[in-house]
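So the protein lines, in turn, are chains A and B.
This note's numbering puts the first sequence at residues 3 to 203.
This note's numbering puts the second sequence at residues 3 to 203.
We put the CB at the ideal spot given by N, CA and C, even for glycine.
Owing to the predicted nature of the structure, the values given are computational and were not obtained by experimental measurement.
In what follows, a structure is listed as structure tokens, so that the remarks can point back to it.
2 protein chains.
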Amino acid sequence: MALTVVPGKQQAKSQRARDLICDATIDLLVTQGYSDTSLNRVAAMAGFSKGALQHHYPSKEDLIAATLNKLLARPFFPQRGKPECVEDALLQAWSKYINAPAYRALLEILNAARTDALLHARISAELLEWGRALDAQSLEQYAALSGDDEEVVMLLNMTRSFMRGLLIQERYGGDEIKRLKYVKKWIALVAPMLALRELPE
Amino acid sequence: MALTVVPGKQQAKSQRARDLICDATIDLLVTQGYSDTSLNRVAAMAGFSKGALQHHYPSKEDLIAATLNKLLARPFFPQRGKPECVEDALLQAWSKYINAPAYRALLEILNAARTDALLHARISAELLEWGRALDAQSLEQYAALSGDDEEVVMLLNMTRSFMRGLLIQERYGGDEIKRLKYVKKWIALVAPMLALRELPE
DNA sequence: AAAAAACCATTCCGAACGGCTTGTTTTTCT
DNA sequence: AGAAAAACAAGCCGTTCGGAATGGTTTTTT
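Given below as structure tokens:
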């Protein structure tokens, strides 16, 4: 008789519920900020009751950790549709990765973790691993004209830092066009020191 | 008889109270974050009752606006003890201005204003003026080797963006030494394009 | 000296928070 | 089919928030 280890109708439903909840959390983080992303609002926006939310994520810390997990899974480097040159690649990093709602949500969590010791302890290991993974991916994608691998990591990290800082500037002047101008200027400075690595099939 | 328009004993006391309150606010913003910088805690840390705080700053918005005012008054360029070269000047901008508690407090307010419409409306004009003043000061202090004044403003703004983003990186790896290394790398990139302007007596 | 204004302390309020408990419905397993 | 587990709903609890009201004290002005 069908000993089907079928994924389970309920498991799928549960997974879908968790996805909806995390998506709602991201949305609220972007539009309302961390402290106003309350469990009540998340439940309401996701279309569940408070009890359902509590069932899937027993505490707010659990909810945020799960949401962060989803946010960190976003690829910094596009896995298909490889860009033609370094300039295009870095420009895409800005428009597709940094200057996007999901990244703003990520920054909200990072900022909250700065002063919330428990949250910080909960996610710090994951963040460190994330940083290491980003560095490794940088080396897979780029090479430095100087031949120094460490320089690749530095330049990519510096680029991300710059873009992060630029994203924050939106809060006090600096419209979208001006920010894009700055990004291009940065790329013009840094791109000549980098080259795209040949990707293995 | 002495028509002395003496400052007034009470006025001085009042001013001192406001200073203490704003200092406590800055301290709490740095150590606890914006949402945990409650009026109760501010009053307690400043050594006043809640009623006293309420007297000096009728609403939290007023308190934050006043504190922001104090934070924006910090000089980005050192007014005395002029640095010898562009490299030193930019390095000082990092160590004395950006990588300092007061700047973290400023970022907390900016971040809060992103989602708090009322606070944003209250401080946006002041922030715009601040940005303009920074640009003007940049032109007073620096000249571009290319002769293009706009480039001076851009490079200084890019430097501030980069340092801002670098400050945030502290939350997920990147110790103090590594951040300083990044700052120096950036300065090495950008300083050759700038020159200190001769300051009039 | 009297009146006015500024300063400060205490207390209370309604609202919202995160977390928890209890009860009902739906799915899965035997 | 029936028991167990998972999913969900609704409500309560203790706390804290920002703000308002009230009253007393000190300083300034008239």
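Worksheet item: Using Cβ-Cβ distances below 8 Å, what residues of the segment 184-195 of chain A are close to chain B?
Response: Taking a C-beta cut-off of 8 Å against chain B, the contacting residues of the segment 184-195 of chain A are Y184, K187, W188, L191 and V192, listed in chain order.
Discussion item. Could you compute how far the alpha carbon of A:I100 sits from the alpha carbon of B:T69?
Written reply: 30 Å
Practice prompt. List the endpoints of the continuous alpha helix (DSSP H) containing B:Y184.
Written response: E178 to V192
Fill in: Stretch-stretch touch, CB-based, cutoff 8 Å, three pairs: the segment 28-48 of chain B with the segment 109-126 of chain A
Taking a cut-off of 8 Å on C-beta distances, the segment 28-48 of chain B touches the segment 109-126 of chain A, as three or more cross pairs fall below it.
Worksheet item: Nearest chain B C-beta to A:F164 closer than 8 Å, yes or no?
Response: Yes, its Cβ sits closer than 8 Å to a Cβ of chain B.
Discussion item. Taking its Cβ as the centre, do 16 or more other Cβ atoms sit within 10 Å of A:I66, making it buried, or is it exposed?
Written reply: buried
Practice prompt. Using a Cβ-Cβ cut-off of less than 8 Å, give me the residues of the segment 37-61 of chain B that come near chain A, in sequence order.
Written response: S37 and D38
Item to complete: Would you please verify whether the beta carbon of A:A197 is less than 8 Å from any beta carbon of chain B?
Response: Not an interface residue.
Practice prompt. Determine the contact status of B:L136 and B:F78, defining contact as a CB-CB distance below 8 Å.
Written response: yes
Worksheet item: Between the Cα of B:D90 and the Cα atoms of B:Q13, B:I189 and B:W132, which residue gives the shortest distance?
Response: Closest option to B:D90, Cα to Cα, is B:I189.
Item to complete: Would you mind stating whether B:L108 and B:T161 have Cβ atoms separated by less than 8 Å?
Response: Note that the C-beta distance between B:L108 and B:T161 is not below 8 Å.
Fill in: Strand pairing of A:R173, partner residues [DSSP]
A:G175
Worksheet item: Counting only beta-carbon atoms, is A:T2 nearer than 8 Å to chain B?
Response: This structure does not reach residue 2 of chain A, given that chain A is present from 3 up to 203, and the question cannot be answered.
Discussion item. For B:L198, report the span of its beta strand (DSSP E) as first-last.
Written reply: Residues L196 to L198.
Discussion item. Between the segment 168-178 of chain B and the segment 121-138 of chain B, can you find at least three pairs of beta-carbon atoms closer than 8 Å?
Written reply: no
Discussion item. I'd like the span of the beta strand (DSSP E) that includes B:Y144, first residue to last.
Written reply: Y144 to A146
Practice prompt. Give the secondary structure of B:S97 by DSSP, where H, G and I count as helix, E and B as strand, and everything else as coil.
Written response: helix
Discussion item. So, with DSSP's three-state summary, where would you put B:D21?
Written reply: The answer is helix: DSSP assigns B:D21 an H, G or I state.
Worksheet entry | 9 Å Cβ cut-off: residues of chain B touching A:A119 | Within chain B, no residue comes near A:A119; the closest Cβ sits about 11 Å away, beyond 9 Å.
Worksheet item: Does DSSP put A:E63 in a helix, in a strand, or in coil?
Response: helix
Worksheet item: Is the Cβ-Cβ distance between A:N154 and A:S163 less than 8 Å?
Response: Before going further, note that residue 154 of chain A is Val rather than Asn in the sequence given. No, the Cβ-Cβ distance between A:V154 and A:S163 is not below 8 Å.
Discussion item. Using only the alpha-carbon positions, how far apart do A:A102 and B:H57 sit?
Written reply: 42 Å
Item to complete: For B:V8, count neighbouring C-beta atoms within 10 Å of its own C-beta (all shown protein chains included) and say buried if the count is 16 or more, exposed if not.
Response: Unreliable placement is indicated for B:V8, whose pLDDT of 46 sits below 50; no coordinate value is reported for it.
Discussion item. Quick check: is the beta carbon of B:A115 nearer than 8 Å to any beta carbon in chain A?
Written reply: yes
Fill in: 8 Å Cβ cutoff, A:Y174 in contact with chain B
Closer than 8 Å to some Cβ of chain B, the Cβ of A:Y174 qualifies, so yes.
Discussion item. Within 8 Å of any Cβ in chain B, is that where the Cβ of A:G149 sits?
Written reply: By this cut-off, A:G149 is not an interface position.
Worksheet item: Taking DSSP as the reference, what is the three-state secondary structure of A:M3?
Response: Only weak support is given to the placement of A:M3: the predicted model assigns it a pLDDT of 34, under 50, and the question is left unresolved by the model.
Discussion item. Looking at chain B, is there any beta carbon in it that lies within less than 8 Å of the beta carbon of A:Q139?
Written reply: no
Item to complete: List the residues of chain A that B:Q81 touches, going by C-beta distances under 8 Å, in chain order.
Response: Chain A residues near B:Q81: none, gap ~23 Å exceeds 8 Å.
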